[in-house]
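Sequence positions in the sequence shown follow our numbering and run 157 to 247. Reviewing the structure listed below.
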Amino acid sequence: MLASSKNSIHPAAAHLTICPLANMGFNCCPGCGMGRSIIALLHGNLSLSLKLHWFGIPALMILSYRILVLMRLQLITSRINKLQRKEEEDV
């Protein structure tokens, strides 16, 4: 069963959650609000982001870094594969 909770910043905005702590009735969860914090940050609302969860900014930085590393790895791998196919065609 999913718990329904009210957003403390926007009390009219209720949402469903899969958070096990919220589903057990706890109001304080270390991760709740992080997604909303990242979304607020992406919309340029730094104060709301910090109000929702203080770790939103570092989390977004970590996620962005990881995405860039994976994109770079994919680019390098595709270039290597392209060179290998070209060598095979030349032989």
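Cβ atoms here follow ideal geometry from the backbone N, Cα and C, with glycine treated the same way.
By the Cβ neighbour-count rule, residue 189 is buried, with 16 or more other Cβ atoms within 10 Å of its own. Rounded to the nearest whole angstrom, the CA to CA distance from residue 241 to residue 234 is 11 Å. For residue 208, the CB contacts under 7 Å within the same chain, skipping 5 residues up- and downstream, are 165, 189, 192, 193 and 196 in chain order.
Here the alpha carbon of residue 230 sits roughly 32 Å from the alpha carbon of residue 202.
In the same chain as residue 175, and ignoring 5 residues on each side of it, the C-beta atoms closer than 6 Å to its own belong to 185 and 188, in chain order. Residue 228 has its alpha-carbon roughly 36 Å from the corresponding atom of residue 172. Residue 239 and residue 246 have their C-alpha atoms some 11 Å from each other. Between the alpha carbons of residue 200 and residue 217 lies a gap of roughly 14 Å.
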